[in-house]
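1 is the number of the first residue of the sequence shown in my numbering; add one for each residue after it. Working notes, beginning with the structure itself.
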Amino acid sequence: MLHKGIGRIIYSQQQIEDGIVKAAQWINETFKDTKNLVLIGILKGCIPFFGKLITLLTIPLEIDFMVVSSFKGTNKRVSEPVIVTDILNDVAGKDVLIVEDIIDSGLSLAFIKKHLEEKNSGRVCVITLLDKTEGRKVELEADYSCFKVDNLFLVGYGLDYQEKLRNLPYIAEFKPE
Ligand code: IMP
Ligand code: MG
């Protein structure tokens, strides 16, 4: 058994992949006239979504990554997100599309958006695999979300419980014992 606590499957691999195909169509259309586009994946949760997504894109783009720690799940203290690893590419004058696994309070993304805007980038847009709209603490909307989800704790397809279960090919509810 992989892990105790894995509950019902919320999205199967097929449902997720169908959602990603639609997301890719949205990107291909929305950014078709963009000269310089940089997709920025927020590690580590973005990995499966990002990997699948970029193989379906037919427009010119660069990819880059950030590691941002929000101390979630490890500490009750509400802390400012911290940039552990910044992007390497120069985004000045380029349009940026942030690729996230899930948005909950929106605090991490608000911080990341501000950080990228300070680098004199062009448009800063957001695409997310999952969107917990009920959890918002700041005003922040994704430009595209594949799935809007209820306020449950989820694992799989990049999402972790204590750094494990990111490798599940589906998204399931998780209830710690
Ligand atoms: P926010 O700053 O509250 O929007 O937090 C977003 C981050 O919290 C995501 O990028 C995930 O890393 C993590 N997160 C939020 N909800 C879940 C969940 O249900 N499972 C696993 N990680 C989650
Ligand atoms: Mg994340």
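Ideal placement from N, C-alpha and C gives every residue a C-beta, glycine not left out.
Are there 16 or more other CB atoms within 10 angstroms of the CB of residue i, so buried, or fewer, so exposed?
{"i": "I83", "result": "exposed"}
{"i": "T128", "result": "buried"}
{"i": "D101", "result": "buried"}
{"i": "S108", "result": "buried"}
{"i": "V67", "result": "exposed"}
{"i": "L116", "result": "buried"}
{"i": "A92", "result": "exposed"}
{"i": "L168", "result": "buried"}
Classify residue i as helix, strand or coil using the three-state DSSP reduction.
{"i": "F153", "result": "coil"}
{"i": "L130", "result": "strand"}
{"i": "A172", "result": "strand"}
{"i": "K148", "result": "strand"}
{"i": "I20", "result": "helix"}
{"i": "K119", "result": "coil"}
{"i": "N36", "result": "coil"}
{"i": "L140", "result": "coil"}
{"i": "K4", "result": "coil"}
Look at the alpha carbon of residue i and the alpha carbon of residue j, and state the distance between them as a whole number of angstroms.
{"i": "G7", "j": "V155", "result": "9 angstroms"}
{"i": "V21", "j": "V126", "result": "17 angstroms"}
{"i": "E177", "j": "L39", "result": "37 angstroms"}
{"i": "K94", "j": "F147", "result": "27 angstroms"}
{"i": "R123", "j": "V96", "result": "6 angstroms"}
{"i": "S12", "j": "Y157", "result": "10 angstroms"}
{"i": "K175", "j": "K164", "result": "14 angstroms"}
{"i": "N36", "j": "E141", "result": "23 angstroms"}
{"i": "I171", "j": "I10", "result": "6 angstroms"}
I'd like to confirm the pairing. Which residues does DSSP put opposite residue i in its beta bridges?
{"i": "S69", "result": "V82"}
{"i": "G41", "result": "F65, V99"}
{"i": "I9", "result": "A172"}
{"i": "V91", "result": "BP columns for V91 are empty, so no partner."}
{"i": "K164", "result": "Y161"}
{"i": "C125", "result": "L97"}
If you compare alpha carbons, which of the options is closest to residue i?
{"i": "N151", "options": "A24, D131, V91", "result": "D131"}
{"i": "D64", "options": "I87, E80, Y144", "result": "I87"}
{"i": "K137", "options": "E118, I103, E163, F153", "result": "I103"}
{"i": "N28", "options": "T55, E134, P48", "result": "T55"}
{"i": "E134", "options": "N120, R166, G106", "result": "G106"}
{"i": "T85", "options": "L43, S121, N120", "result": "L43"}
{"i": "C46", "options": "K35, L159, S121", "result": "L159"}
{"i": "G19", "options": "Y144, E173, L61, K113", "result": "Y144"}
{"i": "K52", "options": "V91, K4, E118, Q25", "result": "Q25"}
{"i": "E80", "options": "I112, L61, N120, F49", "result": "I112"}
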